[in-house]
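Structure first, then comments.
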Amino acid sequence: MYVCLCVGATTHTVSECVARGASTSKEVAAACGAGADCGRCRRTLRAIIAASADREAGREAELQPAASH
Numbered sequence: 055m056y057v058c059l060c061v062g063a064t065t066h067t068v069s070e071c072v073a074r075g076a077s078t079s080k081e082v083a084a085a086c087g088a089g090a091d092c093g094r095c096r097r098t099l100r101a102i103i104a105a106s107a108d109r110e111a112g113r114e115a116e117l118q119p120a121a122s123h
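Just so we're aligned: 123 in our numbering is position 69 of the sequence shown, and the numbers increase by one with no gaps anywhere.
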């Protein structure tokens with residue numbers, strides 16, 4: 055799905071930028087151009103970033119050993 059029509063960036067493009075370390079909409083804009091022009095997509099960019107962070111936090115929680123009592 056297209057996220058940024060100004061530069062033709064898709065959710066895949068933005069997700070790749072986030073996977074490579076972009077953690078703000080400004081960093082995504084610097085990496086692929088999404089969000090750099092009109093800014094209408096910045097809310098969506100932030101949602102993609104947050105979803106990625108939530109997934110990563112879930113993975114880390116799964117890797118933590120269970121507390122023994």
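For each residue, glycine too, the CB sits at the ideal point set by N, CA and C.
Cβ-Cβ distance between residue i and residue j below 8 Å
{"i": "Cys71", "j": "Val82", "result": "yes"}
{"i": "Ser79", "j": "Leu99", "result": "yes"}
Three-state secondary structure (DSSP) of residue i
{"i": "Ala63", "result": "strand"}
{"i": "Ala105", "result": "helix"}
{"i": "Thr2", "result": "Because residue 2 is not part of the residues shown, which for the chain are 55 to 123, the question remains open."}
{"i": "Cys92", "result": "coil"}
Cβ-based neighbour list, residue i, same chain, cut-off 8 Å, excluding 5 preceding and 5 following
{"i": "Thr67", "result": "Val57, Cys86, Ala88"}
{"i": "Ser69", "result": "Ile102, Ser106"}
{"i": "Val61", "result": "Cys86, Gly87, Ala88, Ala90, Asp91"}
{"i": "Gly112", "result": "none"}
{"i": "Arg74", "result": "Ala85"}
Cutoff 7 Å; reference residue i; Cβ partners in own chain excluding five residues on either side
{"i": "Thr64", "result": "Met55, Tyr56, Val57"}
{"i": "Arg109", "result": "none"}
{"i": "Cys95", "result": "Val57, Cys58, Ala88, Gly89"}
Nonlocal neighbours in the same chain, by C-beta distance under 6 Å from residue i, ignoring five residues either side
{"i": "Ala76", "result": "Val82, Ala85"}
Beta bridge counterpart(s) of residue i as assigned by DSSP
{"i": "Cys58", "result": "Ala63"}
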